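So the structure is just underneath, and the comments pick up after that.
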Amino acid sequence: MPIILGIETSCDETSASVLEGSGNDVTLRSLVILSQDIHKVFGGVVPEIASRAHLSSIVPVVSRALADAGIAESELDAIAVTHAPGLIGALLVGVCYAKALGFALDVPVVGVHHMEGHLFATALENAGAVPPFTGLLVSGGHTLLLDVESWGSYRLLGATRDDAAGEAFDKVAKLLGLPYPGGRPIEALAKQGSPSRFRFTTPMVRRNDPPSSDEYYAFSFSGLKTAVLNAVRGSDDIERDKADIARGFQDAVIASLVEKTFRAADAFGRSRIVLGGGVACNSALAAAMAKRTADIGATVFAPSPRLATDNAAMIAHAGLFRFELGERSPSNLNAFASLPIPGLVAA
Ligand code: KG4
Ligand code: ZN
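Okay, here's the thing in structure tokens:
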């Protein structure tokens, strides 16, 4: 069975992983994730700092992943690396390193789309999270609703028109004086909040919206962010209100994500729903999704936090799929800040 090294440096995690297997039958031999804490003091990721941190971490992170797996470099059959989308300088560190290592070892390199990686993450720990399924990818940079007929065949149903779901969590956290990244602190605060004090309108959801409508599967979170800003400004005691505001905000985001995903699973007759991306760490999201889709007989698969957020294991898994299809990236493989997910079929 092939052994593949995955490398991920698209944002602020330097990660490497060794995966062994074929198709959906894979064993995660190791996963190392080094998160760059430095960005916390700036309240967001500083691209230049991220690139420099990747540069100093990439060699030891890969060495650690190989050592943890008990694998020598010479045993690798392929190297998968995130080459898009993401911060260009950060991506380049991973891509250049992967190409140099591949050249030195005479091993093929496979460039992987970061969002395709997120789709493959849950299958690493749950054999049921394989196509056909409805996929919801919710991260700091993306909000994508996809129908996945088979691996490599993705129908893009909906995306955000403005802020990504995770970005909305991060911005609202800032408004409420919570640390970056804001998803986890908002989830914790919302648990203590009342669901009835701040009822924000569910974005992009209208009753009796026809499936032909442009908005049927689309997302938007910037209006909700403004509504939260108004609630914060209108509060005469923010310490008293902030948990309730966090709860109202989280409920509105979840209601929108759940409704669109339900519509997609129902329309395509999918019995599996696979979540991915950092916002998939949110346990209220997974619970609400399972509740709403139970009556159409759907099972919801959410990755564990270390596989939901950025990691190289998902890149190795998606890379293994492409490697087994015979794909090899040329030696001039480049990094791209944005790039459509490969294998898109017409909506
Ligand atoms: O996938 P990811 O690690 O990185 C990107 O590719 O963007 O996602 C990070 C995002 C951040 O916006 C963070 O606030 C959000 O995921 N996040 C959460 C939770 N944990 C992380 N959002 C909501 N609830 C959480 N528990
Ligand atoms: Zn991501």
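With the first letter of the sequence shown counted as 1, position 34 gets the number 989 in the numbering used here; the numbers rise by one all the way through. Ideal placement from N, C-alpha and C gives every residue a C-beta, glycine not left out. Remember, predicted model here, so these are calculated numbers, not experimental data.
GLY1072 by DSSP, collapsed to three states: which one?
-> helix
CB contact flag (GLY1083, PHE1256, <8 Å) | In this structure, GLY1083 places its C-beta atom within 8 Å of the C-beta atom of PHE1256.
Taking only runs of the alpha helix (DSSP H) that begin and end inside the stretch 1151-1194, which ones reach a length of at least 4 residues, in chain order?
-> Fully enclosed alpha helix (DSSP H) runs of 4 or longer: 1177-1189.
For the stretch 1022-1036 and the stretch 1264-1273, state whether three or more C-beta atom pairs, one from each stretch, are separated by less than 8 Å.
-> Touching, per the Cβ criterion.
Does the count of Cβ pairs from the stretch 1227-1246 and the stretch 1203-1210 closer than 8 Å reach three?
-> Flag = yes, the stretch 1227-1246 and the stretch 1203-1210 touch.
Nearest to PRO1150 (by Cα), restricted to the options GLY1203, ASP1169, THR1098 and ILE1193 = GLY1203
Give every residue of the same chain whose Cβ lies closer than 7 Å to the Cβ of LYS1215, excluding the five residues on either side of it in the sequence, and list them in chain order.
-> Closer than 7 Å at the Cβ level, and outside the excluded window around LYS1215, lie LEU1100, GLY1113, TYR1172 and PHE1174.
Rounded straight-line distance, which links the Cα of ASN1163 to that of HIS1009 | 48 Å
With respect to 7 Å, is the separation between the Cβ of ASP1265 and the closest non-hydrogen atom of the ligand ZN below this value?
-> yes
With distances taken Cα to Cα, identify the nearest neighbour of PHE1058 among VAL1017, PRO1285, ILE1296 and ALA1198.
-> Here the closest residue by C-alpha is PRO1285.
For the candidate residues ILE1296, PRO1295, ASN1289 and ILE958, whose alpha-carbon lies nearest to that of ALA1055?
-> ASN1289
Which partner residues of GLY1138 appear in the DSSP bridge assignment?
-> GLY1138 pairs with nothing; no bridge assigned.
DSSP-derived helix/strand/coil call for VAL1062 = coil
Going by alpha carbons, who is nearest to SER1011 out of ASP1118, ILE1141, GLY1066 and VAL1048?
-> VAL1048
GLU1122: CB within 7 Å of a non-hydrogen atom of the ligand ADP | With respect to the ligand ADP, the structure offers nothing, as its ligand set consists of the ligand KG4 and the ligand ZN.
State yes or no: is the C-beta of PHE1124 within less than 8 Å of the C-beta of VAL1234?
-> Using a Cβ distance threshold of 8 Å, PHE1124 and VAL1234 count as a contacting pair.
SER985 and ASP1023 look like a contact to me (Cβ under 8 Å); what is the Cβ gap, rounded to whole Å?
-> 4 Å
Taking the CB atoms as reference points, tell me whether ILE1141 and GLN1205 lie closer together than 8 Å.
-> yes
Measure how close the beta-carbons of ALA1073 and GLY1281 come, nearest whole angstrom, since I'm counting them as under 8 Å.
-> Residue 1073 is actually His in this sequence, not Ala. In fact, because the Cβ distance is near 23 Å, the residues do not count as touching under 8 Å.
Taking Cβ positions, are GLU1080 and LEU1262 nearer each other than 8 Å?
-> yes
Report the rounded CA-to-CA distance for ILE1043 versus ARG1152, giving the unit in angstroms.
-> 42 Å
Thinking C-alpha only, which one of ASP1061, TYR1109, GLN991 and GLY1132 is nearest ARG1283?
-> ASP1061
Beta carbon of ALA971 nearer than 8 Å to that of PRO1258 | no
In the structure shown, what three-state DSSP assignment does ASP1117 receive?
-> coil
Reduced DSSP secondary structure (H/G/I, E/B, other) of VAL1103 | VAL1103 falls in the strand class under three-state DSSP.
Residues of its chain near ALA1302, where Cβ-Cβ distance is below 8 Å and the 5 sequence neighbours each way are ignored = ARG1110, LEU1111 and LEU1112
ALA1249 burial status per 10 Å Cβ neighbour count (16 or more: buried) | exposed
Would DSSP call SER972 helix, strand or coil?
-> strand
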